[in-house]
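For the record, in the sequence shown the residue sitting at position 223 is 236 according to the numbering used here, with numbers rising by one throughout.
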Amino acid sequence: MFRRTLVLSAMALSLAAAPAIAEPAKVMIPGGAGGGWDGTGRLAFEVMQKAGIFTEGATITNKGGAAGTLGLADFMRTKGQDSSVMVMGVIMVGGIIANKSPVNLDTVTPLARLTFEWNAIAVPADSPIKNAKDFMEALKKDPGAMSVAGGSAGGVDHATLALLAKIAGVPADKLNYVPFNSGAEVVTSVAGGKVKAAISGISELKPQVDTKRIRFVAVTSEKGSDGTPSLKEQGIDLSIGNWRGIVGAPEMSAAGRKAWLDRLEKMSKTKEWKEGLEKAGLEDAILLGDAYGAFLNEEKARWATVLKEVGIAK
Numbered sequence: 014m015f016r017r018t019l020v021l022s023a024m025a026l027s028l029a030a031a032p033a034i035a036e037p038a039k040v041m042i043p044g045g046a047g048g049g050w051d052g053t054g055r056l057a058f059e060v061m062q063k064a065g066i067f068t069e070g071a072t073i074t075n076k077g078g079a080a081g082t083l084g085l086a087d088f089m090r091t092k093g094q095d096s097s098v099m100v101m102g103v104i105m106v107g108g109i110i111a112n113k114s115p116v117n118l119d120t121v122t123p124l125a126r127l128t129f130e131w132n133a134i135a136v137p138a139d140s141p142i143k144n145a146k147d148f149m150e151a152l153k154k155d156p157g158a159m160s161v162a163g164g165s166a167g168g169v170d171h172a173t174l175a176l177l178a179k180i181a182g183v184p185a186d187k188l189n190y191v192p193f194n195s196g197a198e199v200v201t202s203v204a205g206g207k208v209k210a211a212i213s214g215i216s217e218l219k220p221q222v223d224t225k226r227i228r229f230v231a232v233t234s235e236k237g238s239d240g241t242p243s244l245k246e247q248g249i250d251l252s253i254g255n256w257r258g259i260v261g262a263p264e265m266s267a268a269g270r271k272a273w274l275d276r277l278e279k280m281s282k283t284k285e286w287k288e289g290l291e292k293a294g295l296e297d298a299i300l301l302g303d304a305y306g307a308f309l310n311e312e313k314a315r316w317a318t319v320l321k322e323v324g325i326a327k
């Protein structure tokens, strides 16, 4: 378990009208520092502060583990607090299902889907695996020896590997999947040669690709990216991505929900947000309020089906 708290100081002057709830935010990041949820949450609050949309400051708490459900359990204690929000995403949706978590997302207040990102398969720079075909052959030949790092069990990284295994004819229970609490740990494990490969977000892996410590062998988008061909372009019929969003505390008031929706909508239209996404290698996936709530319910059903099909969930 990893826990870290950081206080972002409030700006002295607000460039916008006073918000409905003028108090510092309490932000739960249910993953380790340096990971995708961490980056998304910090970017959102930095942009809102810089743009004068929300300048009351924020206390950001990192608590990773069990696909974010350790942080979620803490977050459930904020019931009724308009100042409390949590960054989350598809990894948590899948992890709750796969791990039969006693806590879930049924009572949180959906606020917004924020970002979308494609995954990549990466290997150490000196790996004999050069492309997706090599990866699939190694997986099929000896799945137990083919250690693959990724995020928490049941998340999109794990599901990507399980779907590839299904295509290769490898049972999910034969896979050597090594879960970590943050993308930063995944990157470190593959760059240090502790695992044979890693599956994670492109933005999390790319810095080590740029320094030539690791190499991409495929991306999970429909088409290739930055010179790396997609799985589909290499003859493997699979595309899968990773979205991240933000929710409010259970039983957040109508006024509190409206205030956050207004802030997040304004933030999504700023040049700072667009520039931050481009720098981070993320796509804008803004979806607000009830539309996001409906999407979240659809994702719960979709991932329950996917994880059962590949043998991760019963």
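Where a beta carbon is used, it is the ideal one built from N, C-alpha and C, also for glycine.
First through last residue of the beta strand (DSSP E) which encompasses residue i
i: A210; result: 210 to 214
i: G240; result: No beta strand (DSSP E) holds G240; DSSP gives it neither H nor E.
i: G163; result: 160 to 163
i: G102; result: 97 to 102
i: T72; result: 71 to 77
i: A38; result: 38 to 42
Residue i - containing alpha helix (DSSP H), residue span
i: N144; result: Premise fails: N144 is in no alpha helix (DSSP H) and is neither H nor E.
i: M61; result: 49 to 63
i: N310; result: 302 to 322
i: I180; result: 169 to 181
i: A204; result: 196 to 204
i: G84; result: 82 to 88
Residues of its chain near residue i, where Cβ-Cβ distance is below 6 angstroms and the 5 sequence neighbours each way are ignored
i: L118; result: none
i: V191; result: S160, A162, V208
i: E264; result: K92, G93
i: I253; result: T173, T233
i: A204; result: Q221, R226, I227
i: I309; result: Note on identity: in this sequence residue 309 is Leu, with Ile being the wrong assignment. So the list reads P123, once near-sequence residues are dropped.
Nearest candidate by alpha-carbon position, reference residue i, set the options
i: E288; options: A57, A210, P43; result: A57
i: K282; options: L301, G70, T241; result: L301
i: N75; options: T241, F88, N112; result: F88
i: P220; options: M280, T201, T233, V232; result: T201
i: M99; options: R55, G108, V323, E198; result: R55
i: K313; options: I109, E217, L274; result: I109
i: M280; options: G49, L188, A64; result: A64
i: D155; options: A145, S195, K187, G81; result: K187
i: G324; options: E246, A267, I212, V183; result: V183
i: G70; options: A80, E59, V260; result: E59
i: A213; options: D170, M149, V103, K327; result: Correcting the residue type first, residue 213 is Ser in the shown sequence and not Ala. Per the Cα distances, D170.
Exposure label - residue i; buried when at least 16 CB within 10 Å
i: T122; result: buried
i: E235; result: exposed
i: G294; result: buried
i: G84; result: buried
i: R257; result: buried
i: G77; result: buried
i: N255; result: buried
i: G248; result: exposed
i: A197; result: buried
i: E291; result: exposed
i: G167; result: buried
i: D239; result: exposed
Per DSSP, cross-strand counterpart(s) of residue i
i: L277; result: None; L277 has no bridge partner.
i: R257; result: G102, T128
i: P184; result: Bridge partners of P184: none, in fact.
i: D331; result: What is shown of the chain runs 14 to 327, which leaves residue 331 out entirely.
i: R228; result: V136
i: V191; result: A162
i: P123; result: V260
Residues near residue i by beta carbon distance below 7 angstroms, same chain, minus five either side
i: S96; result: I34, E36, P37, A38, K39
i: V319; result: A172
i: T120; result: P263
Same chain, Cβ closer than 8 angstroms to residue i, five either side skipped, listed in chain order
i: V222; result: A135, R228, F229
i: S243; result: A231, V232, T233, S234, E235, K236, G237, S252
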